[in-house]
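Quick notes on the structure that follows.
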Ligand code: GRG
């Protein structure tokens, strides 16, 4: 059985789970795997551009969720790492395309100039395409000790997550909603379930698929992910107003400038914070059957509302 980091730190005795250390260690593992995933010997422009965005930092929340769920359901970090990297490749490609002049038109991301600012719009589009294609190749070629039929499930899940039911569909709804003054909370939620929620959900559920976890368990984890996904977006909207560009690593206050409907614009800041906290409580309640083993996912859920960036 995989020991939790909390147990490792105390030589086998259960200790208080230290989220900061856990996130730091996991982030380093993911960064190393991502660095190795795209060969540094490749010097062509497209590889440089792909590496520029993929290795630009970020919280690495999606890969960390995938690793945590895989371990929670009896698997290992090694089994999950290729899927974890693929999730980050997909997330990064969506950020590169989201930042393009035709979309959100941003100059900064993760504290650095956006991909199109450095490499030009044409290469940025191709960077996204390259990362998306590579994500699928990477899972197929590098996953070890997982039955082929489970791997096919993972690929199908990733495809569904990226497409019209997920990121692409959410982005289209988001673009169509810009400037509209009559967006309801339900409409906003359906945009964000697709645009932000599906990938976070895929991160959690893929970890459980890798271990062949039963449907009932996948459904429980999917419900956890759906609640943290929505809380994540509410907090994202709050931070756009309350945090500085330096803290966020991107331009702050853009939602107001673009006249975007956000949770704070519909509910105000206080109700937005309460709703996010309630969603996180609901997500944590889903983890009750796991006892102490569920602590990493519980702590990650709390981090979603406490985060400052
Ligand atoms: C997927 C084919 C394809 C195209 C992309 C542009 C687009 C379609 C979708 C937009 C998706 C998007 C950018 C959603 C926003 C999600 C979000 C809240 C991102 C911020 O995530 P963090 O805070 O970022 O985890 P870091 O930098 O920490 O990884």
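Numbering (my numbering), first residue to last: 3 to 311. Each residue gets a CB set at the ideal place from its N, CA and C atoms; glycine is no exception. These numbers come from a predicted model, not from an experiment.
Tell me the DSSP secondary structure of residue i in three-state form.
i	result
residue 292	helix
residue 13	Bear in mind that the predicted position of residue 13 carries a pLDDT of just 47, short of 50, making it unreliable; the figure below should be weighed with that in mind. Here residue 13 sits in coil by DSSP.
residue 24	helix
residue 114	strand
residue 138	helix
residue 84	helix
residue 58	coil
residue 305	helix
residue 201	helix
residue 105	coil
residue 40	coil
residue 19	coil
residue 272	helix
residue 149	coil
residue 7	Its pLDDT being 44, under 50, residue 7 is placed unreliably by the model, and the measurement read from it follows with that caveat. Helix.
residue 184	coil
residue 226	helix
residue 216	coil
residue 191	helix
residue 261	coil
residue 166	coil
residue 311	coil
residue 256	helix
residue 76	coil
residue 129	helix
Going by alpha carbons, who is nearest to residue i out of the options?
i	options	result
residue 1	259, 308, 268 and 270	Only positions 3 to 311 of the chain appear in this structure, which leaves residue 1 out of reach.
residue 114	252, 208 and 121	252
residue 96	237, 197, 240 and 277	197
residue 296	271, 226, 168 and 236	226
residue 133	48, 272, 82 and 217	48
residue 246	44, 41, 310 and 268	310
residue 40	27, 30 and 55	55
residue 29	72, 71 and 86	86
residue 88	105, 107 and 32	32
residue 229	152, 281 and 288	281
residue 122	137, 141, 112 and 98	98
residue 105	260, 53, 218 and 286	260
residue 26	169, 59, 118 and 181	59
residue 289	42, 71 and 46	71
residue 291	211, 219, 78 and 161	219
residue 257	195, 181 and 300	181
residue 236	273, 210, 248 and 249	273
residue 190	119, 268 and 301	268
residue 57	213, 76, 91 and 46	91
residue 79	42, 50 and 208	208
residue 140	157, 128, 166 and 194	157
residue 286	275, 210, 303 and 212	303
Under 8 angstroms by Cβ, that's how I've got residue i and residue j pegged, so tell me the actual separation to the nearest angstrom.
i	j	result
residue 202	residue 64	6 angstroms
residue 179	residue 263	6 angstroms
residue 147	residue 81	5 angstroms
residue 205	residue 67	4 angstroms
Would residue i be called buried (16 or more neighbouring beta carbons within 10 Å of its own) or exposed?
i	result
residue 116	buried
residue 84	buried
residue 172	buried
residue 101	buried
residue 298	buried
residue 266	buried
residue 314	This structure does not reach residue 314, given that the chain is present from 3 up to 311, and the question cannot be answered.
residue 184	exposed
residue 73	buried
residue 124	exposed
residue 111	buried
residue 270	exposed
residue 300	buried
residue 242	buried
residue 143	exposed
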